[in-house]
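According to UniProt numbering, the stretch in the sequence shown is residues 1 to 257, in order.
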Amino acid sequence: MKPKPDATPVAHYKNGYGGTFGVYRIADCLPLRDRKAAAPSPKQVRAAAILALKGRMQSKVVKASHVAVQWLANAPLVLDAETTGLGTEAQIIELAIADVDGNLLFNSRIRPNVPIEPAAADVHRIRAEELQHCPTWLEVAGRVKALLTGRPIVTFNSAFDRRLLIQTANAFHDDHSWLATCQVHCAMGLAVAMYGATNRYGTISLAAAMSLAGVTWRGQAHSAIGDVLATVDLLQSIAQVRLNLDQELNRLQSWSD
1 MKPKPDATPV AHYKNGYGGT FGVYRIADCL PLRDRKAAAP SPKQVRAAAI
51 LALKGRMQSK VVKASHVAVQ WLANAPLVLD AETTGLGTEA QIIELAIADV
101 DGNLLFNSRI RPNVPIEPAA ADVHRIRAEE LQHCPTWLEV AGRVKALLTG
151 RPIVTFNSAF DRRLLIQTAN AFHDDHSWLA TCQVHCAMGL AVAMYGATNR
201 YGTISLAAAM SLAGVTWRGQ AHSAIGDVLA TVDLLQSIAQ VRLNLDQELN
251 RLQSWSD
């Protein structure tokens, strides 16, 4: 409201900066006229949409997605392993390697020289008798090294998988120095950044990440093939968030006024 042209203030108010303002009765005031805002121009609409989109790109989720985009740009190989257990003597008994398009480059079961722990067998359902005629690590190591040496690698639990590659090589007195040439990325850490941790350890399972991403399994969970393809699809799904925003930003910026 505003005072009528002939209204007289009933009091005066002095602010902290020395300014004086009149105080009027409501009865001596008139309502302000509605000001109709002009409809925004197409250029203003586009500018607002671009600003909002760039704001979204600064979110933690989209930053995590951008990491996935950067990984994919370097054409990494994706790896998954099933093992005899979790400890310092555990070995790999099933290994799968795929490219980021889901093409399977290596898949083999491997005969260990230590027993399979019951808890591990309960998860992956691989029994020692099934491995009797499978190759040992030394028989497959050459192919694995040829694929992975010097390449970026993505695994769902990079610390574990890297440790098991080293432990398995050590168990067969095989050289593992080639691993130092590989940059190993952890898809589990990326999934935590994208979706948040789902347990008290601050991590997330592959199954939980797949569910949150809305990705369908292409193979059996807790098999090397199933898990490596799941990791590929999860990585692609995470990257797609940023790629979609980039596409929308390019569309907005290419508008003509």
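Where is the CB? At the ideal position from N, CA and C, for every residue including glycine. Please read these numbers as outputs of a predicted model, since none were measured by experiment.
Original post:
If V62 and R251 are in contact, beta carbons under 8 Å, what's the gap, nearest whole angstrom?
Top reply: That pair is no contact at about 17 Å.
Original post:
What do you get for C29, buried or exposed, if any count of 16 or more other CB atoms within 10 angstroms of its CB means buried?
Top reply: exposed
**OP:** Identify the continuous alpha helix (DSSP H) that holds E248 and give its terminal residues.
**Re:** 224 to 253
Original post:
Would you say V228 and D80 are within 8 Å of each other, going by their C-beta atoms?
Top reply: Yes, the pair counts as a contact, with Cβ atoms nearer than the cut-off.
Original post:
Which whole-angstrom value is the C-beta distance of L72 and I97, which I expect to be below 8 Å?
Top reply: Contact doesn't hold; Cβ gap of about 16 Å is too wide.
Original post:
Just how far apart, CA to CA, sit K60 and A159?
Top reply: 23 Å
Subject >> Contact set for A191: own chain, Cβ-Cβ below 6 Å, skip 5 residues either direction >> reply: Annotation for A191: I204, A209 place their beta carbon closer than 6 Å to its own, counting only its chain and skipping 5 residues before and after.
Original post:
Using DSSP with H/G/I as helix, E/B as strand and the rest coil, what is T168?
Top reply: Reduced to three states, the DSSP call for T168 is helix.
**OP:** Enumerate, from N- to C-terminal direction, the unbroken beta strand (DSSP E) stretches of 3 or more residues contained entirely within the region 13 to 93.
**Re:** 20 to 23, 77 to 83
**OP:** Hey, could you find the ends of the beta strand (DSSP E) L105 is sitting in?
**Re:** 104 to 109 is the span of the beta strand (DSSP E), which, as asked, contains L105.
Original post:
Name the DSSP bridge partner or partners of V184?
Top reply: I153
Subject >> Nearest neighbour of R111, chosen from A171, H176, V215 [CA to CA] >> reply: R111 has its Cα closest to that of A171, out of A171, H176, V215.
Original post:
For P118, which of helix, strand or coil comes out of DSSP?
Top reply: Reduced to three states, the DSSP call for P118 is helix.
Original post:
Cα-Cα, which of L234, A27, Y13, T83 is closest to P5?
Top reply: A27
**OP:** May I ask which residues mark the beginning and end of the alpha helix (DSSP H) holding W137?
**Re:** Per DSSP, W137 is one residue of the alpha helix (DSSP H) stretching across 137 to 148.
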